[in-house]
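*Asks:* Numbering-wise (our numbering), the sequence shown opens with residue 140 and increments by one. I have a structure I would like to understand better, so I am pasting it below and will then ask my questions one at a time.
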Amino acid sequence: MQFKLTFALSEPLTLPLSYHSALQGMIYHVLSDAPEFSAFLHDDGYTRNRRAYKLFVFGALEGPYRVRDGRITFPGPLSLEIRSPAADFCRVFADAIAKSGAVTIGERRLNVECEMRDVHLGADCVGVRMRSPLCLTRTIGDGAKKKTLFLSPEDRDFPTLLNENFRRKYQAAYGREPESDVTVGDIARLRKYVTQYRRGIYITAWYGEFSLRGAPDALDFLYQTGLGSRNSQGFGMFDEKR
Numbered sequence: 140m141q142f143k144l145t146f147a148l149s150e151p152l153t154l155p156l157s158y159h160s161a162l163q164g165m166i167y168h169v170l171s172d173a174p175e176f177s178a179f180l181h182d183d184g185y186t187r188n189r190r191a192y193k194l195f196v197f198g199a200l201e202g203p204y205r206v207r208d209g210r211i212t213f214p215g216p217l218s219l220e221i222r223s224p225a226a227d228f229c230r231v232f233a234d235a236i237a238k239s240g241a242v243t244i245g246e247r248r249l250n251v252e253c254e255m256r257d258v259h260l261g262a263d264c265v266g267v268r269m270r271s272p273l274c275l276t277r278t279i280g281d282g283a284k285k286k287t288l289f290l291s292p293e294d295r296d297f298p299t300l301l302n303e304n305f306r307r308k309y310q311a312a313y314g315r316e317p318e319s320d321v322t323v324g325d326i327a328r329l330r331k332y333v334t335q336y337r338r339g340i341y342i343t344a345w346y347g348e349f350s351l352r353g354a355p356d357a358l359d360f361l362y363q364t365g366l367g368s369r370n371s372q373g374f375g376m377f378d379e380k381r
């Protein structure tokens, strides 16, 4: 399920240039209308072999903007898309938005209109364009020497690790193995993206275009939940190239 949120601003909205955490905080604030589900998602999530997944993804704020001194200002109008394959997430989010008609982003309370969509890819091979940058990580070492590496789509292990990430998320969501692997190819128009998610936490990700192959169910799942890692932090949303 996809949610398109539209904001008609009465005055410009100014946020830090890296506003991923502000949008993630907004989503959790909406979900707090159902405290038990919100606590489950925030604290535990959908798990597979001790790995937890939130099973939602969101894109960037879309609309006119200007950047100055590390801040981004949106004069309006403004929109945001959020997706999830999880029925509980979709139900709670839709009910909360319908009840309040507003969300909080940063320190601003904004009136919002919500359009719900149910788009499915329905193909076993699609060309995609990243709508929010694709992040994929590998952890090496352990204890105090543990280190997170961010992989480029051109790294040799990238296709294998992307597929492994997909399989774990699918198993966490549905409790069963997916019917196919997912393969990635035809990499084009790569653009590196580095951001400070929170103080001291830097993330490297990539915009670009790819081809994805797999069972339609597998590709549709990725459309709903995002490619790669850190989907619930605003990474990995893609659109089908037309």
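C-beta: ideal position from N, C-alpha, C; glycine also. Note that the structure is a prediction, hence the values are computed from the model and not measured.
What does the alpha-carbon distance come out to for the pair R187 and K193?
*Replies:* Counting from 1 along the sequence shown, the entry for residue 187 is found at position 48. Counting from 1 along the sequence shown, the entry for residue 193 is found at position 54. Approximately 12 Å between the Cα atoms of the pair.
*Asks:* Three or more C-beta pairs under 8 Å: does that hold for the segment 163 to 174 against the segment 264 to 281?
*Replies:* Too few Cβ pairs lie closer than 8 Å, so no.
*Asks:* Thinking L260 and Y362 are a contact (beta carbons under 8 Å), I'd like their distance in whole angstroms, please.
*Replies:* As a first step, residue 260 is located in the sequence shown; it is residue number 121 there, counting from the start. As a first step, residue 362 is located in the sequence shown; it is residue number 223 there, counting from the start. The Cβ separation is near 5 Å, so the contact holds.
*Asks:* With distances taken between CB atoms, is the gap from F349 to V323 smaller than 8 Å?
*Replies:* Looking up residue 349 in the sequence shown gives position 210. Looking up residue 323 in the sequence shown gives position 184. A contact, by the Cβ cut-off of 8 Å.
*Asks:* Could you say if the segment 223 to 232 and the segment 205 to 214 meet the contact criterion of at least three C-beta pairs nearer than 8 Å?
*Replies:* Touching, no.
*Asks:* When burial is assigned at 16 or more other CB atoms within 10 Å of the CB, is H181 buried or exposed?
*Replies:* By 1-based counting over the sequence shown, the position of residue 181 is 42. Exposed is the call here.
*Asks:* What does the Cβ neighbour count give for Y158, buried or exposed, with the cut at 16 atoms within 10 Å?
*Replies:* If you number the sequence shown from 1, residue 158 lands on position 19. Under this definition Y158 is a buried residue.
*Asks:* So R369 and I342 are supposed to be a Cβ contact under 8 Å. How far apart are they, rounded?
*Replies:* As a position in the sequence shown, residue 369 is number 230, starting the count at 1. As a position in the sequence shown, residue 342 is number 203, starting the count at 1. Their Cβ separation, rounded to whole angstroms, is 7 Å, which keeps R369 and I342 in contact under 8 Å.
*Asks:* Do G245 and E154 have their beta-carbon atoms positioned less than 8 Å apart in this structure?
*Replies:* Position 15 of the sequence shown, counting from 1, holds the residue named residue 154. Position 106 of the sequence shown, counting from 1, holds the residue named residue 245. For the record, residue 154 in the displayed sequence is Leu; it is not Glu. Yes, these two residues count as a Cβ contact at 8 Å.
*Asks:* Pick from R337, T243 and T145: whose alpha carbon is nearest that of L217?
*Replies:* Indexing the sequence shown from 1 puts residue 217 at position 78. Closest by alpha carbon: T145.
*Asks:* Around the C-beta of L288, are 16 or more other C-beta atoms found within 10 angstroms, so that it is buried, or is it exposed?
*Replies:* Taking the sequence shown and counting its residues from 1, one reaches residue 288 at position 149. Label assigned to L288: exposed.
*Asks:* Counting along the chain, where does the alpha helix (DSSP H) carrying P355 start and finish?
*Replies:* As a position in the sequence shown, residue 355 is number 216, starting the count at 1. Residues P355 to T364.
*Asks:* Look up A327 in the DSSP assignment and give the residues it is bridged to.
*Replies:* Within the sequence shown, numbered from 1, the residue matching residue 327 stands at position 188. Paired residues: E348.
*Asks:* Could you give the C-beta distance for R337 and S160, rounded to a whole number, given that I count them as a contact under 8 Å?
*Replies:* Walking along the sequence shown from the start, residue 337 turns up at place 198. Walking along the sequence shown from the start, residue 160 turns up at place 21. So it is a contact: roughly 6 Å between Cβ atoms.
*Asks:* Can you name, in chain order, every residue of its own chain whose Cβ lies under 6 Å from the Cβ of N302, other than the five neighbours on each side?
*Replies:* On the sequence shown, position 163 is the one that residue 302 refers to. Counting only Cβ-Cβ distances below 6 Å, and skipping sequence neighbours, we find D320 and V321.
*Asks:* Out of curiosity, what's the CA-to-CA distance linking G365 and D257?
*Replies:* Position 226 of the sequence shown, counted from the start, is the residue given in the question as residue 365. Position 118 of the sequence shown, counted from the start, is the residue given in the question as residue 257. Their Cα atoms are separated by approximately 15 Å.
*Asks:* Please check the pair F197 and E220, which I expect to be a contact at CB under 8 Å, by giving their CB distance rounded to whole angstroms.
*Replies:* Translated into positions along the sequence shown, residue 197 becomes position 58. Translated into positions along the sequence shown, residue 220 becomes position 81. Indeed they touch by this definition, with Cβ atoms about 7 Å apart.
*Asks:* Under 8 Å between the Cβ atoms of I326 and P272?
*Replies:* One-based indexing of the sequence shown puts residue 326 at position 187. One-based indexing of the sequence shown puts residue 272 at position 133. No; because the gap between Cβ atoms is not below 8 Å, this pair is not in contact.
*Asks:* Given this structure, state the Cα-to-Cα distance separating P203 from L290, to the nearest angstrom.
*Replies:* Taking the first residue of the sequence shown as 1, we reach residue 203 at position 64. Taking the first residue of the sequence shown as 1, we reach residue 290 at position 151. C-alpha separation (whole angstroms): 31 Å.
*Asks:* Do you know how far the Cα of F179 is from the Cα of A191?
*Replies:* Position 52 of the sequence shown holds residue 191. Position 40 of the sequence shown holds residue 179. Cα to Cα, the separation comes out at about 11 Å.
*Asks:* I need the boundaries of the alpha helix (DSSP H) containing Q310, first residue and last residue.
*Replies:* The residue you call residue 310 lines up with position 171 of the sequence shown. That run of the alpha helix (DSSP H) goes F297 to Y313.
*Asks:* Kindly indicate which three-state DSSP category M376 falls into: helix, strand or coil?
*Replies:* Walking along the sequence shown from the start, residue 376 turns up at place 237. DSSP places M376 in coil when its eight states are reduced to three.
*Asks:* Run the CB neighbour count on M269, radius 10 Å, all protein chains shown included, and call it buried at 16 or more, exposed below.
*Replies:* As a position in the sequence shown, residue 269 is number 130, starting the count at 1. When all chains shown are included, M269 counts as buried.
*Asks:* Taking the Cβ atom as the reference point for each residue, do L382 and W345 lie within a distance shorter than 8 Å?
*Replies:* Residue 382 is absent from the structure shown; the chain starts at 140 and stops at 381.
*Asks:* Tell me which residue opens and which closes the alpha helix (DSSP H) that R230 is part of.
*Replies:* Working through the sequence shown from its first residue, we reach residue 230 at position 91. Counting along the chain, the alpha helix (DSSP H) containing R230 begins and ends at A226 to S239.
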